[in-house]
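Quick note on numbering: the sequence shown equals residues 1 to 763 in full-length UniProt numbering.
Below: one structure, written as structure tokens.
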Amino acid sequence: MTIRRLISSGSRTRTRTRTRTHLGWVRYRYVMYGFVITCIGTLVYLLVDRTGMDVEKWHRAARMADKMLESYSWDLISDAKIKAIEEIPVSPLELIPDIELNTKKRYDASWDLLFRGRKYKSFSEYDLSTKCEFYFQNLYNLDEEWTNEIGMFTFDIKDIKSDSRMSELKDDDGVKLIDEKALRYYKRKHNIALGMERFRIYDRCFVGNNNNKHDSLKMNELFEQGGSEGSTSTASKLDKTVIGNKDSLRPTRKASFLSELDSGKFSKFNQWDFEHRMFPFIPYFEQHNFTQVMPIFTGPGSHQPLPQGKFPVFNRDTGELSTVESFNYDETKSLWDNWNDLSARCSHKGIVMSAGNGQVDQTMRLIAVLREQHNRMPIQIIHNDQLSDNSVALLSEAAQSTDFSNGPKQSVWFLNVKPTLSESEKGRFDRYKNKWLSVIFNTFEEFIFIDSDAISYIGLEEYFKFDEYSATGTLMFKDRSLKFGAEQKCPVLFETLQPKILERYYFDTVPQINAEFVEQACMKELTPEERVYKRFFELGQQHHLESGLLAINKRQHIMSMIISTVLNISPKIGGCAWGDKEFFWLGLLVSGHRYSIYDVAASAVGIPSMKERERGDELKEAQEICSTQVGHTSYDKHLLWLNGGSQLCKFEGTFDSDWEQFENIRKEFHDNKDKARQAYKDVMPIEAAIIPDINVGRWAHKDRRCSGYVWCGEYFEKIKPYTYSKKIVKGELIHFDQKEIEHIRHLNTIWNKASLLPIDKKE
1 MTIRRLISSG SRTRTRTRTR THLGWVRYRY VMYGFVITCI GTLVYLLVDR TGMDVEKWHR
61 AARMADKMLE SYSWDLISDA KIKAIEEIPV SPLELIPDIE LNTKKRYDAS WDLLFRGRKY
121 KSFSEYDLST KCEFYFQNLY NLDEEWTNEI GMFTFDIKDI KSDSRMSELK DDDGVKLIDE
181 KALRYYKRKH NIALGMERFR IYDRCFVGNN NNKHDSLKMN ELFEQGGSEG STSTASKLDK
241 TVIGNKDSLR PTRKASFLSE LDSGKFSKFN QWDFEHRMFP FIPYFEQHNF TQVMPIFTGP
301 GSHQPLPQGK FPVFNRDTGE LSTVESFNYD ETKSLWDNWN DLSARCSHKG IVMSAGNGQV
361 DQTMRLIAVL REQHNRMPIQ IIHNDQLSDN SVALLSEAAQ STDFSNGPKQ SVWFLNVKPT
421 LSESEKGRFD RYKNKWLSVI FNTFEEFIFI DSDAISYIGL EEYFKFDEYS ATGTLMFKDR
481 SLKFGAEQKC PVLFETLQPK ILERYYFDTV PQINAEFVEQ ACMKELTPEE RVYKRFFELG
541 QQHHLESGLL AINKRQHIMS MIISTVLNIS PKIGGCAWGD KEFFWLGLLV SGHRYSIYDV
601 AASAVGIPSM KERERGDELK EAQEICSTQV GHTSYDKHLL WLNGGSQLCK FEGTFDSDWE
661 QFENIRKEFH DNKDKARQAY KDVMPIEAAI IPDINVGRWA HKDRRCSGYV WCGEYFEKIK
721 PYTYSKKIVK GELIHFDQKE IEHIRHLNTI WNKASLLPID KKE
């Protein structure tokens with residue numbers, strides 16, 4: 001979040017009082033400093049270009065300069081003058097400016113020069129535990145009925161079409177039921193950005209290492225003392241020593257609202273109510289019955305699931321089952337710290353899949369490949385009661401039967417998360433959105449998620465060793481660079497979800513992308529994460545990341561994945577991207593977590609063919625590969641994995657209509673329908689990959705065969721006009737050596753024929 005955007009989005013708020021600097025002047029100064037630093041950066045780049053300095057060193061230098069600029073900008077912000085928010089507060093953060101002003105008044109009026117700094121502290125000087133208790137207790141003080149209910153979320157943006165419909169609401173007598181101010185208050189009160197704020201501060205206060213510190217706030221202590229007589233809770237402490245005499249506050253609407261706050265009423269709520277309001281997609285539970293909302297585990301070769309509340313513990317070296325344990329909920333910790341503890345006890349690393357009855361065939365093929373690769377990590381297949389007993393038996397047999405594969409048996413477990421989802425929210429997890437259930441509710445500390453039609457040509461455990469994963473606990477891959485535009489309002493919606501200035505200042509939830517720097521910089525100066533950000537927010541493009549294979553450290557990023565889930569299933573924003581894939585990086589961005597994108601663009605894989613020369617362009621020679629598969633190559637030009645299976649078309653049912661509809665297919669197979677039908681089923685040969693030039697946008701359809709899933713990537717060389725031999729090259733053509741071609745063909749053949757191997761399909 002840029003300083004410019006932060007200031008504009010929080011135009012009614014100001015940080016601590018140290019000088020009388022006006023924020024308009026701060027903004028002006030910051031823009032000027034940004035301009036100067038950009039100029040300096042440009043000069044440095046020119047020097048780098050002339051000296052041949054390594055680009056990575058330039059990137060590191062740019063990052064250091066960016067951090068220096070960010071640090072300096074914080075000094076400017078911390079000196080800005082606070083002004084009260086002249087609106088009814090909807091966030092506890094909006095209470096702080098008045099508290100700060102009153103504290104400053106009392107500090108200035110005090111003659112206790114020696115100790116007044118300790119007695120009248122700024123809110124920012126309190127420890128995290130105190131800040132957390134203040135924030136979450138005041139959620140209830142501001143609105144006893146607050147909730148993160150997905151169906152209640154709206155956006156606080158100027159949406160003329162939506163607002164006009166609301167403003168036209170009238171009763172039977174023609175009297176308007178809502179005015180502009182009431183509509184704006186409703187939008188602020190139910191703004192999804194408030195939900196994101198709650199998630200981030202919950203993450204900061206109750207998830208991960210912060211909750212393990214000796215002086216951290218325990219979850220049960222948050223409600224244990226709230227409002228009781230003689231309480232030493234933070235709410236009381238802040239009321240008495242920070243807010244002081246509320247009658248002395250300026251008579252604004254907010255001051256009068258503050259004077260009505262009653263921390264005593266907080267005592268009628270508890271941590272179980274709190275957890276359910278934070279995460280309403282999980283049924284209400286308490287410590288004694290948490291096991292009733294745990295997933296149901298079923299092991300390989302077993303027709304009977306484990307008793308609910310029991311979970312498997314795997315050997316960290318072999319991936320085999322070691323023992324079965326019972327889980328006891330620790331009430332001093334949050335729901336997601338408990339879930340991370342369960343995951344740590346279950347297994348350190350594992351493979352996660354999502355499957356229903358319709359994906360059994362492809363999942364069996366994937367298991368066959370994993371057995372061939374001698375995978376030793378445990379596997380969890382997660383479903384929302386969508387796998388029948390017969391499907392579980394088939395997949396268990398594929399994992400264990402020596403008739404199915406000669407490779408090592410796989411430790412495949414099935415997690416039915418039906419008890420873990422609220423009945424009212426189950427309908428939101430349809431089709432591809434089931435993937436989020438696998439991402440959130442698996443019981444691994446670190447996991448590789450893989451689609452059933454994805455094939456990796458390296459062992460899945462290798463992805464944990466990538467530098468990108470080591471740096472941030474995430475590894476994501478790029479999608480085809482299709483220049484499809486997002487709906488105009490979508491980037492604006494996501495901009496509103498990132499931390500505002502008060503949250504940044506008081507809770508240190510700083511965005512990981514500096515939008516001001518990204519906006520001013522050239523693409524080649526940016527990291528892969530910043531380039532994706534620029535294309536989405538500035539250029540309005542989508543189709544950036546793949547979700548067929550990714551690696552996530554769940555202990556680090558569980559709240560990011562929950563934010564991603566909530567965004568994707570939200571009716572207001574879920575349509576802002578194709579499927580689920582963009583929401584992985586957007587959720588990490590909104591959460592303020594660091595994330596990594598592998599910096600190689602997606603490719604078309606297969607056998608290159610020469611394209612016909614375009615009329616009037618005799619100097620151009622182009623090659624193309626057309627495939628349903630999306631390929632992902634490494635920095636050293638090897639194929640890492642692909643998405644889309646190993647067949648020419650994974651949708652066998654489309655052949656007859658394709659044959660009748662597309663003349664190109666009949667030409668390719670010389671009107672031999674049987675040969676074409678067989679080709680649809682056979683293993684697609686892969687000898688090369690083409691990565692089209694992302695700026696030229698050389699991804700195209702030859703026709704709409706295979707339900708429109710066939711895309712062609714183009715590579716071309718062209719003699720520059722009016723030169724003798726200078727070449728223009730667009731895209732990248734990678735030829736694999738014979739050993740790699742054979743390796744790819746071997747695994748693709750196993751994937752393709754796995755379902756045809758003998759297996760006893762028990763009913």
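A virtual CB, placed ideally from N, CA and C, is assigned to each residue, including glycine.
Since the model is a prediction, treat every value here as computed from it, not as a measurement.
Please return the same chain residues whose Cβ sits closer than 7 Å to the Cβ of residue i, not counting the five positions on each side in sequence.
i, result
"Ala601", "Lys478, Ser481, Ile691, Ile694"
"Met53", "Model confidence at Met53 stands at a pLDDT of 48, short of 50, so the residue's coordinates are unreliable; what they give is reported in the following sentence. Once the five neighbours on either side are set aside, Met53 has no close Cβ partner at all."
"Ser322", "Val313, Phe314, Asn315"
"Leu370", "Gln410"
"Lys240", "Residue placement at Lys240 cannot be trusted, given a pLDDT of 47 that sits under 50; what the coordinates show is reported in the next sentence. Nothing listed; no residue qualifies."
State the beta-bridge partners of residue i as determined by DSSP.
i, result
"Glu621", "Glu717"
"Ser122", "None; Ser122 has no bridge partner."
"Gly631", "Ser603, Leu642"
"Lys554", "According to DSSP, which records beta bridges pairwise, Lys554 is partnered with nothing at all."
"Val683", "Gln647"
"Glu325", "Phe311"
Kindly indicate if chain D contains any beta-carbon less than 8 Å away from that of residue i.
i, result
"Val630", "Although the question refers to chain D, the structure presented lacks it and comprises just one protein chain."
Which whole-angstrom value is the C-beta distance of residue i and residue j, which I expect to be below 8 Å?
i, j, result
"Asn664", "Asp636", "That belief does not hold up - the Cβ atoms of Asn664 and Asp636 are roughly 35 Å apart, past 8 Å."
"Cys626", "Cys706", "10 Å between Cβ atoms; not a contact."
"Asn416", "Asp385", "6 Å"
"Val360", "Gln380", "Val360 to Gln380, Cβ: 16 Å. No contact."
"Gly645", "Gln362", "7 Å"
"Ile367", "Val412", "7 Å"
"Ile282", "Ser422", "6 Å"
"Met377", "Gly407", "In fact, because the Cβ distance is near 14 Å, the residues do not count as touching under 8 Å."
"Ala700", "Ile734", "No, Ala700 and Ile734 are not in contact; Cβ-Cβ is about 19 Å, not under 8 Å."
"residue 810", "Met364", "Lying before the first or after the last residue shown, residue 810 is absent from the chain, which here runs from 1 to 763."
"Asn340", "Ser388", "Contact doesn't hold; Cβ gap of about 31 Å is too wide."
Only counting the same chain, and skipping five residues up and downstream in sequence, which positions put a Cβ closer than 8 Å to that of residue i?
i, result
"Thr723", "none"
"Phe206", "Cys132, Leu217, Met219, Lys333, Ser334, Trp336, Asp337"
"Trp146", "Leu139, Tyr140, Arg277"
"Trp585", "Met476, Glu529, Val532, His544, Leu545, Tyr595, Ile597"
For the alpha helix (DSSP H) that contains residue i, what are its first and last residues?
i, result
"Ser354", "No alpha helix (DSSP H) contains Ser354, which is instead part of the beta strand (DSSP E) from 349-354."
"Thr147", "Taken as a continuous stretch (DSSP letters only), Thr147 belongs to no alpha helix (DSSP H), as it is neither H nor E."
"Thr363", "360-372"
"Lys478", "Neither: Lys478 is in no alpha helix (DSSP H) and is coded neither H nor E."
"Thr749", "738-753"
"Phe517", "515-520"
"Thr472", "467-472"
Start and end of the beta strand (DSSP E) containing residue i?
i, result
"Pro97", "Where Pro97 is concerned, there is no enclosing beta strand (DSSP E), although the alpha helix (DSSP H) it sits in stretches over 96-109."
"Ile734", "732-735"
"Gln410", "Segment: none, Gln410 is in no beta strand (DSSP E) and carries neither H nor E."
"residue 782", "Here the chain has residues from 1 to 763 only, and residue 782 is not among them."
"Pro491", "Run containing Pro491: none in the beta strand (DSSP E); it sits in the alpha helix (DSSP H), 489-495."
Considering only residues of the same chain and omitting the five flanking positions on each side of residue i, which have a CB-CB separation below 6 Å?
i, result
"Trp436", "Thr565"
"residue 795", "The question about residue 795 has no answer here: the residues shown for the chain are numbered 1 through 763."
"Asp75", "With a pLDDT of only 43 at Asp75, under the threshold of 50, the placement of this residue in the model should not be trusted; the figure read from the coordinates follows. Correct list: empty, nothing qualifies."
"Lys534", "Val518"
"Glu320", "Ser411"
"Arg253", "Confidence in Arg253 is poor, its pLDDT being 39 and thus under 50, which makes the residue's placement unreliable; the coordinate value appears in the next sentence. Contacts found: none."
Measuring CB to CB, does residue i end up less than 8 Å from residue j?
i, j, result
"Trp442", "Gln410", "It is worth fixing the name first, because residue 442 is Asn in this sequence and not Trp. No."
"Ala551", "Leu640", "no"
"Ile455", "Met561", "no"
"Ile686", "Gly592", "no"
"Ile450", "Leu549", "yes"
"Phe662", "Lys554", "no"
"Glu714", "Glu624", "yes"
"Lys581", "Leu545", "yes"
"Phe153", "His190", "yes"
"residue 799", "Val683", "The structure shown does not extend to residue 799, since the chain is modelled only from 1 to 763, so the question has no answer here."
"Tyr126", "Tyr107", "no"
"Ile150", "Ile573", "no"
"Ser326", "Gly309", "yes"
"His557", "Gly459", "no"
"Tyr680", "Thr628", "no"
"Asn270", "Gly195", "no"
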